[in-house]
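See structure below.
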Amino acid sequence: MKYLDIENWKRKEQFYFFKGYDLPFFNICADVNVKPLLEFTKEKSLSFFIASLFLSIKAANEIEEFRFRLKDDKVIVFDKINCGSTVLNKDETFSFSYFKYFDEFYPFNQNALLVLDHNKNNDGKLHPHTGQDDMIHYSVIPWINFTSFKHARKLDKNDSIPKIVMGKFQKEGGKLNMPLSVEVHHALVDGIHVGKYFELFQNYLQEPLNYLK
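And the structure:
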């Protein structure tokens, strides 16, 4: 972890411009083709949820701007970020689960399986991870092929954690498209960075054999 040198940052003006906004977040929704990943996870008897979560957080870690977080008037740059995701409970409530990031899929998968097993009886228990900024917040809404998304947020000046949502698959031609919502703080992240994330994530989805070892 380190602090960004804001005064010598090429985005200094953009940072100060958006930092004072009451609602500084922007959201982009687009489809990604998950057909290669779904076929791979079925063949290897892997969890699609865990595999897609790993590839997404792997892509996010590759883009430095996704590791920026506000801390009062400073910007923290984390070396690695983890993920927190909503997980559906048996009683149709949801809980928050924390998944530590590993560079390789095998340890990430083993840890994620343990987390899900530990939390499988969390009926009605939320377990929020408050005060932890080195993560991205994930949600999965597999019942809806959405085209837009809006999050509940507190008006906290230090709230700068990206939020990513995955939706319901839909066949289109030879593809199996999944809607993906990415919400970020505009003082830290621009559209070009979100575009790089989408491109990198799609590349990982296309070649799962290269990354899920």
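Per this note's numbering, the very first residue in the sequence shown carries number 16; after that it's consecutive.
Even for Gly, the Cβ is constructed at its ideal location relative to N, Cα and C.
Rank the options by C-alpha distance to the C-alpha of residue i and give the top, closest one.
i    : options                : result
Y226 : N136, D118, S163       : D118
Y116 : K172, K135, V90, A66   : A66
N126 : N136, K135, F114, N104 : F114
S175 : I78, K183, H200, K169  : H200
H148 : I91, I78, A75          : Per the sequence shown, the amino acid found at residue 148 is Asp instead of His. Here the closest residue by C-alpha is I91.
P229 : G146, P143, K183       : With the chain covering only 16 through 228, there is no way to say anything about residue 229.
A75  : D106, V204, E54        : V204
G146 : K95, L52, D171         : D171
I21  : E187, F83, P39, S60    : F83
L215 : K25, I78, K27          : I78
P39  : E198, F120, E80, E222  : E198
E80  : E222, F30, L224        : F30
Is there a C-beta anywhere in chain B that falls below 8 Å from the one on residue i?
i    : result
L170 : Judged by its chain identifiers, the structure shown contains no chain B, having just a single protein chain.
By how many angstroms is the C-alpha of residue j removed from the C-alpha of residue i?
i    : j    : result
F32  : L85  : 14 Å
M181 : H133 : 23 Å
K135 : F213 : 31 Å
F164 : N42  : 7 Å
G210 : K140 : 35 Å
M16  : G189 : 43 Å
D87  : N173 : 6 Å
F161 : D106 : 24 Å
P122 : K228 : 10 Å
F63  : K25  : 38 Å
F69  : Y219 : 10 Å
L53  : S60  : 10 Å
E58  : F120 : 16 Å
Count the other C-beta atoms from every protein chain shown that fall within 10 angstroms of the C-beta of residue i, then say buried if there are 16 or more, exposed otherwise.
i    : result
L129 : exposed
A202 : buried
A167 : exposed
M150 : buried
S110 : buried
I207 : exposed
G99  : buried
P143 : exposed
I159 : exposed
K178 : buried
L224 : exposed
Relative to the ligand GTP, is the shortest distance from any of its heavy atoms to the C-beta of residue i smaller than 7 Å?
i    : result
F111 : As far as ligands go, the structure on display features none, and thus does not contain the ligand GTP.
Q.
When you compare the segment 188-201 with the segment 41-53, are there three or more beta-carbon pairs, one atom per stretch, that lie closer than 8 Å?
A. yes
Q: Give, in chain order, every unbroken run of the alpha helix (DSSP H) that is at least 4 residues long and sits entirely within the segment 36-93.
A: 50-59, 63-77
**Q.** Length-filtered (4 minimum) alpha helix (DSSP H) runs lying within the segment 192-221
**A.** 206-221
Q | Every unbroken beta strand (DSSP E) inside the segment 144-192 [3 residues or more] | A | 150-155, 178-181, 185-187
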